[in-house]
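Peer 1: Provided herewith is a single structure, encoded as structure tokens, for subsequent inquiry.
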Amino acid sequence: MEKVKESLPKLLVTGVAVSLSFYLLYKLFGRSGAPSRSSSDPLVEIIDPRVSIAVKHQEAHDAVVAYLRTKVYDQGSGRLPRDQFAELQRLMNFFARALLHDKRIDAQAHRKGLLKRDLGLYLDTVMAQFKNEFEAYNEALELVCESSRVSQKVFNDTYANEPLDSRAILGELRNTIAVTPFMTLRGFSREKAIEMFRNVASLTLEYLPKPEVVERVLTHDDLVVVFDTIAVDLAFEHYDVTGEEFKATLAKYDLFSEPSLQGLIDKIVDTIAQLSPNF
């Protein structure tokens, strides 16, 4: 996970002042009109997606810091135990989602209709958009390592030496498609959410073995990104939900732990493993 050298653009002082003012009012008077939380998980459904970018960032930042305040991680061997590394990966993805929320909404709008028109061009667009997200992931990594008191070298060494097995793919898939700090706005029932995921995931699986996909992917990471992006775009097409709403629905009901979906999830993991050049 190479550090991107370019720094994030600085916000104008006026913009920051206005955003912070709205944030203080938001914290003071509460989330007027915000959907209620249904999860007891401290990292699920904590941010209303309609608030400003500054509020999204601040609330996600505060949640990560609070979660890690009392945690202690074993880095004495130079690498983290697998379960501890997985927890930090989840937190990194959690914060990156807050940084990227509005950008991803725009990126999905740019891809609209492209999947069916030209799969090759669609995939090239997906990978180009993903490269533009690296700075957000670097910022998320810095926050998680600083707040957990884990050195970036230990984190990166653990990442580089993580076993390439089904458990690794499942963890990465869950972190990519079902980790988000945002609340849902559509109010899907659990049954409807299960139906939506089952249909969308089944359709997405049909795309993975296509030559246009196979010839472009270099690692299992690429396949996870492709699966995630096609899935959210199919959810948008068939259920009229944005990718971020789709992810929030999966997180709300913890669908990766839903017994009736385990066969399908195993099939997704096995397909990614079989198609991965580095597996």
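Be aware that the sequence shown starts at 1, since it is given in the numbering used here, and climbs by one per residue. Just so you know, even glycine gets a beta-carbon here, dropped at the ideal spot from N, CA and C. Given the structure is predicted, the values throughout are model-derived calculations rather than measurements.
Is Phe246 helix, strand or coil when you go by DSSP?
Peer 2: In the structure shown, Phe246 sits in a helix (DSSP, three-state: H, G or I).
Peer 1: To which residues does DSSP link Phe188 through a beta bridge?
Peer 2: In the DSSP output, where bridge partners are listed per residue, Phe188 has none listed.
Peer 1: Report, in whole angstroms, the separation of the C-beta atoms of Arg79 and Val154, which I expect to be a contact under 8 Å.
Peer 2: Confirmed, Cβ separation roughly 7 Å.
Peer 1: Only counting the same chain, and skipping five residues up and downstream in sequence, which positions put a Cβ closer than 7 Å to that of Lys56?
Peer 2: Only Ile47, Ala98, His101 meet the Cβ criterion.
Peer 1: Rounded to the nearest angstrom, what separates Asp254 and Leu43 at their Cα positions?
Peer 2: Spanning the two alpha carbons is a distance of roughly 12 Å.
Peer 1: Short check: CB of Met92 to CB of Ala140, under 7 Å?
Peer 2: Their beta carbons are under 7 Å apart, which means Met92 touches Ala140 by this criterion.
Peer 1: May I ask you to report which of helix, strand or coil DSSP gives Ile268?
Peer 2: Residue state, collapsed to three classes: helix.
Peer 1: So, with DSSP's three-state summary, where would you put Ile46?
Peer 2: DSSP places Ile46 in coil when its eight states are reduced to three.
Peer 1: Below 8 Å, can you find three or more Cβ-Cβ pairs linking the region 177-192 to the region 103-116?
Peer 2: Counting Cβ pairs under 8 Å, fewer than three are found: no touch.
Peer 1: Can you check whether the CB of Phe256 is closer than 7 Å to the CB of Arg149?
Peer 2: Not in contact: Arg149 and Phe256 (Cβ atoms no closer than 7 Å).
Peer 1: What residue range does the alpha helix (DSSP H) around Gly120 cover?
Peer 2: Segment 119-131, the alpha helix (DSSP H) holding Gly120.
Peer 1: Thinking just about the alpha-carbon of each residue, which of Thr176, Pro49, Pro259, Asp74 is nearest to the one in Cys145?
Peer 2: It is Asp74 whose Cα lies nearest to the Cα of Cys145.
Peer 1: Can you list, in chain order, the residues of its chain whose CB lies under 6 Å from that of Ala248, leaving out five sequence neighbours each side?
Peer 2: Answer for Ala248: Thr180, Phe182, Thr184, listed in chain order.
Peer 1: Please name the residue in Gln152, Ala107, Asn156, Leu143 whose C-alpha comes closest to that of Asn132.
Peer 2: When each option's Cα is compared against that of Asn132, the closest is Ala107.
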